[in-house]
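Reviewing the structure listed below.
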Amino acid sequence: MEKHWSAVCALILTLGAFVHFNIVFAAEADGILQAILPNPGQCPRLLNVVPSHKGCVCDEDCPADHKCCVFDCGAVCVPPAFSMSHFFSSGQLLNLWLNLLRD
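Following my numbering, the numbering of the sequence shown begins with 14 at its first residue and continues without gaps.
Set out below in structure tokens:
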């Protein structure tokens with residue numbers, strides 16, 4: 014009986030992989046497949062601007078460089094927030110801070 018369960022699991026896994034790869038290859042053949050990467054930056058902590066779009070699912074649904082962020086009112090598109098670490102490495106931030114303290 015144990016051998017049958019492993020064969021059934023292997024068959025299900027193979028069937029799932031076959032269906033997945035057929036979908037991927039069909040999408041590639043149609044030119045539909047493209048990388049969807051999030052827009053740079055982070056969602057702001059507070060919603061302090063008027064959203065450019067309501068009801069987004071991902072950054073791709075938003076105009077320009079806006080990000081899809083979830084607030085109390087739901088998912089909306091807003092301009093991204095950037096932290097200092099986005100522009101500087103941690104070592105650069107430490108050197109900048111030490112230089113400011115010396116002055």
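Where is the CB? At the ideal position from N, CA and C, for every residue including glycine. The model shown is predicted, which means the values in this text are computed figures rather than measured ones.
Counterpart residues of residue i in DSSP-defined beta bridges
i, result
"Gly87", "Phe84"
"His79", "His79 pairs with nothing; no bridge assigned."
Contacting residues, own chain, Cβ-Cβ under 7 Å from residue i (five flanking each side not counted)
i, result
"Cys81", "Cys69, Val70, Cys71, Asp72, Asp74, Cys75, Ala88, Cys90"
Rounded C-alpha distance that separates residue i from residue j
i, j, result
"Leu114", "His66", "43 Å"
"Val83", "Ser96", "19 Å"
Nearest candidate by alpha-carbon position, reference residue i, set the options
i, options, result
"Val63", "Leu111, Pro51, Pro53, Pro93", "Pro93"
"Cys86", "Leu60, Leu111, Asn108", "Leu60"
Close beta carbons around residue i, own chain, < 8 Å, minus the five adjacent residues each side
i, result
"Asn52", "Asp72, Cys75, Asp78, His79, Lys80, Pro93"
Other residues of its chain near residue i: CB distance less than 6 Å, five sequence neighbours each side excluded
i, result
"Pro57", "Ala94"
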